[in-house]
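Student: Residues 1 to 220 (full-length UniProt numbering) make up the sequence shown, in order. Quick reminder that beta carbons are idealized off the backbone N, C-alpha and C, glycines included.
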Amino acid sequence: MIRVLLVDDQPLLRSGFRALLDLEDDIEVVAEAADGKEGLALAREHLPDIALMDIQMPVIDGIEATRRIAADPALAGVHVVILTNYGLDEYVFNALRAGAAGFLVKDIVPEDFLHAVRVAARGDALLAPSITRKLIDRYVTQPLDTGTVTGLEELTDREREAVALVARGMSNDQIAAHMVISPMTAKTHVNRAMTKLHARDRAQLVVLAYESGLVTPRNS
1 MIRVLLVDDQ
11 PLLRSGFRAL
21 LDLEDDIEVV
31 AEAADGKEGL
41 ALAREHLPDI
51 ALMDIQMPVI
61 DGIEATRRIA
71 ADPALAGVHV
81 VILTNYGLDE
91 YVFNALRAGA
101 AGFLVKDIVP
111 EDFLHAVRVA
121 ARGDALLAPS
131 ITRKLIDRYV
141 TQPLDTGTVT
151 GLEELTDRER
161 EAVALVARGM
171 SNDQIAAHMV
181 ISPMTAKTHV
191 NRAMTKLHAR
201 DRAQLVVLAY
211 ESGLVTPRNS
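1) Using the rule of at least 16 other Cβ atoms within 10 Å of the residue's Cβ for burial, across every protein chain shown, is ARG122 buried or exposed?
2) Just confirm the distance between the C-beta atoms of THR150 and ALA98, as a whole number of angstroms; I'd bet it's less than 8 Å.
3) Compute the distance between the beta-carbons of LEU83 and ASP61, then report whether it is under 7 Å.
4) Who are the near neighbours of ASP26 in its chain, counting only those whose CB is closer than 7 Å to its CB and skipping five residues on each side?
5) For the alpha helix (DSSP H) that contains VAL105, what are its first and last residues?
6) I need the straight-line Cα distance from ALA70 to VAL59, nearest angstrom please.
7) Hey, LEU75 and ALA43: beta-carbon distance below 7 Å or not?
8) What's the gap between the Cα of VAL80 and the Cα of THR156?
9) Between which two residues does the alpha helix (DSSP H) carrying MET170 extend?
10) Are the CB atoms of ILE50 and ALA95 nearer to each other than 7 Å?
11) Is the Cβ-Cβ distance between PRO48 and LEU5 less than 7 Å?
12) Taking only the alpha-carbon atoms, compute the straight-line gap between ASP8 and PHE103 and give it to the nearest angstrom.
13) For GLU161, I'd like the list of residues in its chain whose CB is within less than 7 Å of its CB, leaving aside the five on either flank, ordered along the chain.
14) Along the alpha helix (DSSP H) that carries HIS115, what are the first and last residues, could you check?
15) Could you check the C-alpha separation between LEU23 and SER212 for me, to the nearest Å?
16) Given a cut-off of 7 Å, decide if GLU159 and ARG192 are closer than it, judged by their beta-carbon atoms.
Listed below in structure tokens is the structure:
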């Protein structure tokens, strides 16, 4: 059973998402919140698999709530998926850097919405190749103060290669085909790289890959 927390300050939208989710046998909405502060409290109480998080909310916004969830070891199993009206804007980019597992546009069709919830529950990032391309463009046009990313020296050559392919938006199956290895081995390389770089999920792994310089737009 996939346990979902809905965090959005618009009751009508929460009701719509809940109505969709409640129809599914393998998904359970465990709680709803109208702001980030309430969402944090309910995340700690219910420990959901997925927190569907709006960005612009009162009291505590979605970016700060995401950052606090990502920083709390007790909430390590909570995957935050950002809900937005605008696609990959500055708010969404900052949310990904704060630790979000991905994002959904609110006008998504129901079938894709349900699929995305299941993908996020597996721990996979909701980052299509087109979104990865936009992340790359963001780094090219507006470089950030990247700081220091620890763990790079611990990566093996194969793990570095796997990270580069993740940063290009490839799935584990695509990585396996490219590296001529099994999907399970590809997943192992990715998971070990995530552990060494202290990345919560594949979305954060992509951001860390570019921030660290391990992957650049030239070789992506």
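Tutor: Looking at the atomic coordinates:
1) Note on ARG122: under 16 other CB atoms within 10 angstroms of its CB, so exposed under the neighbour-count rule.
2) With a Cβ gap of about 18 Å, THR150 and ALA98 do not count as contacting.
3) no
4) MET1, ILE2
5) Counting along the chain, VAL105 falls outside any alpha helix (DSSP H), though it belongs to the beta strand (DSSP E) covering 102-105.
6) 19 Å
7) yes
8) 29 Å
9) Careful: MET170 lies outside any alpha helix (DSSP H) and carries neither H nor E.
10) no
11) yes
12) 14 Å
13) Contacts found: MET179.
14) 110-121 is the extent of the alpha helix (DSSP H) around HIS115.
15) 43 Å
16) yes
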